[in-house]
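First up is the structure itself, then whatever we jot down about it.
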Amino acid sequence: MPAPSNEPRKPTKPGTAARLLSLVGITPPGYNRDAAKSAARRYPKALKGALKPRSDEPIAIDPQALERMKQANLAAMWLGHASVLLHLDGRWILTDPVFSHRVGISAGPITLGVPRLSPAIDPSTLPPIDLILLSHAHFDHLDRPTLRALRNKNTQVITSLNTRSLIPRGFASIRETHWQNQLDLDGINLLAIKPNHWGARTMWDKHRGFNSYLLRAGDHTALFAGDTADSRGYAGLGPLDLSIFGIGAYDPWIHAHASPEQVWQMHTEAGGAYLLPMHHSTFELSDEPVDEPLRRLLDAAGDQATRVIGRELGAPWTKQ
Numbered sequence: 073m074p075a076p077s078n079e080p081r082k083p084t085k086p087g088t089a090a091r092l093l094s095l096v097g098i099t100p101p102g103y104n105r106d107a108a109k110s111a112a113r114r115y116p117k118a119l120k121g122a123l124k125p126r127s128d129e130p131i132a133i134d135p136q137a138l139e140r141m142k143q144a145n146l147a148a149m150w151l152g153h154a155s156v157l158l159h160l161d162g163r164w165i166l167t168d169p170v171f172s173h174r175v176g177i178s179a180g181p182i183t184l185g186v187p188r189l190s191p192a193i194d195p196s197t198l199p200p201i202d203l204i205l206l207s208h209a210h211f212d213h214l215d216r217p218t219l220r221a222l223r224n225k226n227t228q229v230i231t232s233l234n235t236r237s238l239i240p241r242g243f244a245s246i247r248e249t250h251w252q253n254q255l256d257l258d259g260i261n262l263l264a265i266k267p268n269h270w271g272a273r274t275m276w277d278k279h280r281g282f283n284s285y286l287l288r289a290g291d292h293t294a295l296f297a298g299d300t301a302d303s304r305g306y307a308g309l310g311p312l313d314l315s316i317f318g319i320g321a322y323d324p325w326i327h328a329h330a331s332p333e334q335v336w337q338m339h340t341e342a343g344g345a346y347l348l349p350m351h352h353s354t355f356e357l358s359d360e361p362v363d364e365p366l367r368r369l370l371d372a373a374g375d376q377a378t379r380v381i382g383r384e385l386g387a388p389w390t391k392q
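Take 73 as the starting number for the sequence shown in the working numbering and just add one per residue.
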């Protein structure tokens with residue numbers, strides 16, 4: 073079976089199936105027919121069991137791993153999908169936290185959406201979070217049940233334009249930002265960057281923003297790209313100690329999510345030293361085999377594959 077193409081397919085007007093799927097944030101305006109057909113084929117199956125409670129137990133984070141991270145000036149841990157725990161210059165930062173069993177529209181204890189492929193992290197085992205970064209409003213990145221569980225009067229939230237209303241109250245602050253805006257967050261400099269993606273949560277809220285974030289503190293710099301298709305917008309940002317890119321959901325969504333080979337190129341162009349791959353092996357959002365994105369990324373990295381870190385859930389990476 074040939075590898076999925078890296079060339080975007082021509083967008084077309086979404087049909088009835090795509091419009092219905094947009095109710096749970098699956099298809100944006102202008103999706104190509106191949107992508108809409110892929111979603112229409114897979115997501116009805118994914119909804120099976122949505123009314124039944126999950127029996128698997130969440131995974132506790134190893135406290136010794138957290139202690140190792142705490143001793144480092146820069147540290148990272150992949151927590152599944154686009155959720156990454158960072159320790160930067162003494163602050164704990166959490167990206168796009170999603171620890172629910174399903175992502176989609178929630179009504180009380182029921183969520184109509186895609187199930188996790190493996191148990192989620194137990195959020196009660198996280199360290200006290202200083203800053204939450206939300207890249208955009210898609211259900212697999214902005215998960216209201218998870219955010220409700222993380223509410224804390226000492227936690228700041230940075231999010232994209234026109235998404236504040238989606239975030240539960242109870243945080244120290246919720247600030248929206250947009251491309252090329254810089255924020256000083258108690259010694260951490262944050263720059264919002266434009267990814268090659270979109271921000272609508274459903275078919276009817278195209279006004280919502282979507283961001284990547286560049287973080288600088290002390291002598292260290294890290295990039296959280298969020299979701300992006302192939303883009304030259306990250307070239308020359310570095311040198312970066314760490315870049316975090318999504319590597320999955322490209323078949324047939326290549327117009328919205330970069331292939332592993334494109335991610336390696338973007339990481340290299342950005343001047344990244346180490347790459348933490350995310351957005352893979354957590355939810356079945358596309359047609360490629362679950363283990364394919366990481367395999368293709370390591371093949372693309374070749375003899376530089378040791379620079380790909382955070383390959384396993386909960387494994388800490390540190391840099392002094």
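Quick reminder that beta carbons are idealized off the backbone N, C-alpha and C, glycines included.
Cβ-Cβ distance between residue i and residue j below 7 Å
i: residue 317; j: residue 297; result: yes
i: residue 392; j: residue 144; result: yes
i: residue 207; j: residue 283; result: yes
i: residue 171; j: residue 154; result: no
i: residue 205; j: residue 230; result: yes
i: residue 342; j: residue 306; result: yes
i: residue 295; j: residue 263; result: no
i: residue 181; j: residue 221; result: no
i: residue 176; j: residue 232; result: no
Where residue i sits in the DSSP three-state scheme
i: residue 371; result: helix
i: residue 170; result: coil
i: residue 327; result: coil
i: residue 241; result: coil
i: residue 338; result: helix
i: residue 311; result: coil
i: residue 280; result: coil
i: residue 385; result: coil
i: residue 146; result: strand
i: residue 231; result: strand
i: residue 101; result: In this prediction, residue 101 has a pLDDT of 46, which is less than 50 and means its spatial position is unreliable; nothing more can be read from the coordinates.
i: residue 392; result: coil
i: residue 252; result: coil
i: residue 321; result: coil
i: residue 236; result: helix
Assumed close pair residue i, residue j - CB separation to whole angstroms, cut-off 8 Å
i: residue 382; j: residue 150; result: 4 Å
i: residue 201; j: residue 224; result: 7 Å
i: residue 146; j: residue 255; result: The pair is not a contact, with the Cβ atoms about 19 Å apart (cut-off 8 Å).
i: residue 189; j: residue 362; result: 7 Å
i: residue 386; j: residue 131; result: 7 Å
i: residue 384; j: residue 323; result: Contact doesn't hold; Cβ gap of about 23 Å is too wide.
i: residue 373; j: residue 379; result: 7 Å
Residue from the options whose Cα sits closest to the Cα of residue i
i: residue 138; options: 220, 218, 163, 301; result: 163
i: residue 128; options: 174, 278, 141, 167; result: 174
i: residue 369; options: 375, 378, 336; result: 336
i: residue 169; options: 341, 210, 360; result: 210
i: residue 258; options: 333, 310, 252, 228; result: 228
i: residue 161; options: 251, 132, 260; result: 260
i: residue 350; options: 167, 130, 134; result: 167
i: residue 291; options: 310, 281, 388, 375; result: 310
i: residue 312; options: 338, 213, 387; result: 338
i: residue 251; options: 244, 288, 266; result: 266
i: residue 199; options: 217, 276, 212, 142; result: 142
i: residue 389; options: 132, 374, 136; result: 136
i: residue 334; options: 301, 203, 270; result: 301
i: residue 71; options: 203, 244, 242, 332; result: No information on residue 71 is available, as it lies outside the stretch 73 to 392 that the chain covers here.
i: residue 293; options: 364, 270, 347; result: 347
i: residue 203; options: 269, 364, 244; result: 244
i: residue 212; options: 379, 374, 299, 380; result: 299
Can at least three beta-carbon pairs, one atom from the segment 321–331 and one from the segment 228–239, be found at a separation below 8 Å? no
Taking contact to mean 3 or more Cβ pairs, one atom from each stretch, closer than 8 Å, check whether the segment 184–203 and the segment 339–358 are in contact. yes
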